[in-house]
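Let me begin by presenting the structure, written as structure tokens, before commenting on it.
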Amino acid sequence: MSSAAIAQSFVSFGDNALVSAYLEGDELAFEALVGRYQDKLVNYINTLIHDYDLAVDLAQEAFIRVYRNADRYEGKYQFSTWVYRIATNLAIDEIRRRERKGRFFLYNVMAVFQKEDKEFPLPDTRECPERSLGRSERLAKLQSAIDSLPEKYRLPFILKEAQDLSYDETSKVLKISLGTVKSRIHRAKMLLREKLSGIAL
Amino acid sequence: MNCNKVEKLLLEDASVGGRAPIREHLADCSPCRTLYQQLSDIEDLSVSLGGGKGAPQGFSTQIFARTVARPPSRHRTAPAALALLFVAGAANLWTYLAGDEASPAAEASQAVQQEPELPRPAGLRWEDFQDRRFEPRPSPFVEVELHSPSQGSYVLQVPSRIQVQRGHSAQGADVTRVSY
Chain R
923 MSSAAIAQSF
933 VSFGDNALVS
943 AYLEGDELAF
953 EALVGRYQDK
963 LVNYINTLIH
973 DYDLAVDLAQ
983 EAFIRVYRNA
993 DRYEGKYQFS
1003 TWVYRIATNL
1013 AIDEIRRRER
1023 KGRFFLYNVM
1033 AVFQKEDKEF
1043 PLPDTRECPE
1053 RSLGRSERLA
1063 KLQSAIDSLP
1073 EKYRLPFILK
1083 EAQDLSYDET
1093 SKVLKISLGT
1103 VKSRIHRAKM
1113 LLREKLSGIA
1123 L
Chain G
4 MNCNKVEKLL
14 LEDASVGGRA
24 PIREHLADCS
34 PCRTLYQQLS
44 DIEDLSVSLG
54 GGKGAPQGFS
64 TQIFARTVAR
74 PPSRHRTAPA
84 ALALLFVAGA
94 ANLWTYLAGD
104 EASPAAEASQ
114 AVQQEPELPR
124 PAGLRWEDFQ
134 DRRFEPRPSP
144 FVEVELHSPS
154 QGSYVLQVPS
164 RIQVQRGHSA
174 QGADVTRVSY
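Those protein sequence lines, which keep their order, are chains R and G. The opening residue of the first sequence carries number 923 in my numbering; numbering runs sequentially from there. The opening residue of the second sequence carries number 4 in my numbering; numbering runs sequentially from there.
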């Protein structure tokens, strides 16, 4: 039975109930948790590091940490908060490792060029020819703009808008106050608006 | 409702633009309408960023496999590579200083070359395990990460296996050859 099928059979169980069942020895409950969050985590990490294979590897590492430390899980937070926090820390470690080694994302290099372009804006009031951009191209431009955001704005924005976490959950994942999360996401949106001002999404 | 209030609400969640009081303001205010359109586009597209290929087939099986046995990470091989370099360097130095055939350097160099003796179950020959599928594929290089507070970090690729050979030149001088 696949993880997705197992997750489906446990659909009426809450995350905390599955963690409890796993702690009592039910490995299928753990697999159901994996099935419930595996796609979200892989996509989330991939959005941050742009390396699918490594994103899969890090998502598995996140679940391994859950597997080994489930007894330390405190039910006062949602399970999703916990697993997203682990995944975020792993992704940040990877980003820092790349920065230490002087390796940059291609996206970031492109973002630098975009910044340079912005210093010499050409006024053009004609209807933007990119109005008819395909969805994938628009997504790529948005992704590039998001990648050029400072990390403190990028992470809460992705968690809230791309992963559909609430403001409250985002603040718990990142361990920052609710007010700070809100102001950072607002700032991220304003920056994105500026970066994409010449591009019709 | 004034523009500042509308902007604050739209930045929190652009979908509020559909609510009556805000919709009325947007109908009469071009800048706020533009802001609403841009933020709606950003939020709609961002939802798609959360999608993607998802996890591959066998994802959970691999997790269980990894919880049972974890291969050594690159970071764990770095000290081993440094140890190899140290042994090779020590062997060299000793050879130049002593030049004795029976020196510890010769033993050290042999140790570098010698394959590790692996335990095997009684009654079976080592040849029984020479199934190619289970042979490890040693990497010819390992990465060693060097940190310097002033110069940043560097990653060196060093040979994972180093051979030290001692001998004599045609003129009779001691010669040590390091190869990998």
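All C-beta atoms, glycine included, are put in the ideal place defined by N, C-alpha and C.
One finds nothing in chain G with a Cβ atom closer than 8 Å to the Cβ of N1011(R); even the nearest lies about 17 Å away. Look at E46(G): its C-beta is under 7 Å from a C-beta on chain R. A distance below 7 Å separates the beta carbons of R1109(R) and Y1075(R). Annotation for M4(G): P24 and H28 place their beta carbon closer than 6 Å to its own, counting only its chain and skipping 5 residues before and after. In this structure, the CA atom of S931(R) is about 30 Å from the CA atom of Y1089(R). The three-state reading of DSSP puts R1022(R) in helix, counting H, G and I together.
Chain R has no Cβ within less than 7 Å of the Cβ of L29(G). Here the alpha carbons of V178(G) and N968(R) stand approximately 53 Å from one another. At the C-beta level, L52(G) and K1111(R) stay beyond 7 Å of one another. Each of V1095(R), L1096(R) and I1080(R) was checked against the Cα of V50(G), and the nearest Cα belongs to I1080(R).
As a beta-bridge residue in DSSP terms, H171(G) pairs with D177(G).
Proximity of the stretch 960 to 977 of chain R to the stretch 1005 to 1015 of chain R meets the contact definition, three or more beta-carbon pairs being nearer than 8 Å. Counting C-beta pairs closer than 8 Å gives three or more between the stretch 951 to 968 of chain R and the stretch 988 to 1005 of chain R, which meets the contact rule. In the DSSP assignment, S182(G) forms a beta bridge with Q166(G). Residue contact with chain R for R36(G): absent (no Cβ-Cβ distance below 7 Å to any residue of chain R). Neighbours of K1104(R) in chain G, taken as residues whose beta carbon is under 9 Å from its own, are L14 and E15 in chain order. Between R1115(R) and R69(G), the alpha-carbon positions lie close to 43 Å from each other. Within chain G, no residue has its beta carbon less than 9 Å from that of H972(R); the closest one is some 11 Å off.
In the DSSP assignment, E1083(R) falls outside any alpha helix (DSSP H), carrying neither H nor E. Counting along the chain, no alpha helix (DSSP H) covers A17(G), and no H or E run does either. Under the Cβ distance rule, F985(R) counts among the residues neighbouring chain G, one pair being separated by less than 7 Å. The alpha-carbon of V181(G) is positioned some 19 Å away from that of G175(G). Listed along the chain, the chain G residues whose CB falls inside 7 Å of the CB of K1111(R) are L14, L42 and I45. Straight across, the Cα-Cα distance linking L42(G) with K1094(R) is about 25 Å.
Residues of chain R with a Cβ closer than 9 Å to the Cβ of R180(G) do not exist; the shortest Cβ-Cβ separation is about 33 Å. In this structure A58(G) is not in contact with A1062(R), their Cβ atoms being roughly 23 Å apart against a cut-off of 8 Å.
P1078(R) counts as buried, since at least 16 other C-beta atoms from the protein chains shown sit within 10 angstroms of its C-beta. With a beta-carbon spacing of about 17 Å, N938(R) and F985(R) fall beyond the 8 Å limit used to define contacts. In chain order, L52 make up the part of chain G whose C-beta sits under 7 Å from the C-beta of Q1065(R).
Judged by DSSP in its simplified three-state form, E1073(R) adopts helix.
Shortest Cα-Cα distance from N991(R) to any of Y959(R), F952(R) and G1056(R) involves F952(R).
A check of alpha carbon separations from S1070(R) across L1118(R), G997(R), Q1085(R) and L940(R) identifies L1118(R) as the nearest. Straight across, the Cα-Cα distance linking N7(G) with T1092(R) is about 25 Å. L955(R) is positioned such that its CB atom lies closer than 7 Å to that of L940(R). Annotation: P1072(R) to L1113(R) spans about 10 Å, alpha carbon to alpha carbon.
With a cutoff of 7 Å on beta-carbon distance, V9(G) and C35(G) are scored as near each other.
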